[in-house]
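>
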Amino acid sequence: MPAAFADDLGARPVLARERLFDGRIWDVEAQEFELGGSRIRREVIVHPGAVAVLAVNERDEVMLVHQYRHPAGGTLWELPAGLLDVEGEEPLLAAQRELAEEADLVADGWSVLLDLSTTGGGSTEVIRVYLADGVRDAPEAFARTDEEAEMERRWVPLADVVDAALSMRLHNATLLAAALALRAMRAEGRAAHPVDVPFDWHPAHR
Numbered sequence: 002m003p004a005a006f007a008d009d010l011g012a013r014p015v016l017a018r019e020r021l022f023d024g025r026i027w028d029v030e031a032q033e034f035e036l037g038g039s040r041i042r043r044e045v046i047v048h049p050g051a052v053a054v055l056a057v058n059e060r061d062e063v064m065l066v067h068q069y070r071h072p073a074g075g076t077l078w079e080l081p082a083g084l085l086d087v088e089g090e091e092p093l094l095a096a097q098r099e100l101a102e103e104a105d106l107v108a109d110g111w112s113v114l115l116d117l118s119t120t121g122g123g124s125t126e127v128i129r130v131y132l133a134d135g136v137r138d139a140p141e142a143f144a145r146t147d148e149e150a151e152m153e154r155r156w157v158p159l160a161d162v163v164d165a166a167l168s169m170r171l172h173n174a175t176l177l178a179a180a181l182a183l184r185a186m187r188a189e190g191r192a193a194h195p196v197d198v199p200f201d202w203h204p205a206h207r
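In the working numbering, the protein residues as written are 2 to 207.
Listed below in structure tokens is the structure:
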């Protein structure tokens, strides 16, 4: 039987590294490794990784947040999401925390939809996207600051999200991947993955 069609996990040993920038959220390193008999130097954004949540209610609507993103130059529709920047916090707990903090929601059902390497050529960032159902209001609303202070929350029919994605009216990569993945999984009669599926593409969970 032929091997399954899949990415191959396995980083080349880092032969040398130089810290170029220390940031509040991520750092930049120059890393050297060997490939094909040559020594190569690349600048790498060292990112803590993140989680995102595709929360679906009983009307088949998904919870989206509308947030200003200065580097992107506009306000994007996105999934509730956040960094894996709390030491020792498991990704599922981080996802549950972010859903409560950004959308004032809790959910009874959790599964894994997909893992994303957002910019594999330049960043270590990997995002785990969870699918949440049995959604209800959280016991209390969270105070939001900075860009999140003016963030709009909205339930949007999944069909409208997919239509907007295919019509190039949405641009957030995580939202696009998650919405289209859910539509494809449903069309093929496939279920999402259990919450304990290995998160081995994230450096801290290999």
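Glycine residues also receive a C-beta, built at the ideal position from the N, C-alpha and C atoms.
Assign Glu88 to one of three DSSP states: helix, strand, or coil.
For the purposes of this step, residue 88 is taken as the residue at position 87 of the sequence shown. Glu88 falls in the coil class under three-state DSSP.
> Can you check whether the CB of Phe34 is closer than 8 Å to the CB of Pro49?
What you label residue 49 is simply residue 48 of the sequence shown in a count that begins at 1. What you label residue 34 is simply residue 33 of the sequence shown in a count that begins at 1. It is not a contact, given that the beta carbons lie outside the stated cut-off.
> Assign Arg43 to one of two classes, buried (16 or more other C-beta atoms within 10 Å of its C-beta) or exposed (fewer than that).
Stepping through the sequence shown from its first residue, residue 43 is reached at position 42. With fewer than 16 other Cβ atoms within 10 Å, it is exposed.
> Going by DSSP in three states, Thr76 sits in which element: helix, strand or coil?
Working through the sequence shown from its first residue, we reach residue 76 at position 75. If DSSP states are grouped into helix, strand and coil, Thr76 belongs with the strands.
> Starting from Met64, follow its DSSP beta bridges and name the residues at the other end.
To locate residue 64, count along the sequence shown from 1; it is residue 63. Answer by DSSP bridge pairing, in chain order: Trp156.
> Give every residue of the same chain whose Cβ lies closer than 8 Å to the Cβ of His206, excluding the five residues on either side of it in the sequence, and list them in chain order.
Taking the first residue of the sequence shown as 1, we reach residue 206 at position 205. Counting only Cβ-Cβ distances below 8 Å, and skipping sequence neighbours, we find Pro92, Pro199, Phe200.
> Compare the beta carbon distance of Pro158 and Glu30 with 8 Å and say whether it is the shorter of the two.
Along the sequence shown, one-based indexing puts residue 158 at 157. Along the sequence shown, one-based indexing puts residue 30 at 29. Their beta carbons are not under 8 Å apart, which means Pro158 does not touch Glu30 by this criterion.
> Compute the Euclidean distance between the alpha carbons of Ala53 and Gly190, then round it to the nearest angstrom.
Counting from one through the sequence shown, the residue named residue 53 turns up at place 52. Counting from one through the sequence shown, the residue named residue 190 turns up at place 189. Each residue's alpha carbon lies about 23 Å from the other.
> Name the two residues that bound the continuous beta strand (DSSP E) containing Arg187.
As a first step, residue 187 must be located in the sequence shown, where it is residue number 186. Segment 174–188 is the alpha helix (DSSP H) holding Arg187; no beta strand (DSSP E) there.
> Can you name, in chain order, every residue of its own chain whose Cβ lies under 6 Å from the Cβ of His203, other than the five neighbours on each side?
What you label residue 203 is simply residue 202 of the sequence shown in a count that begins at 1. Same-chain partners within the cutoff: Gly50, Val127.
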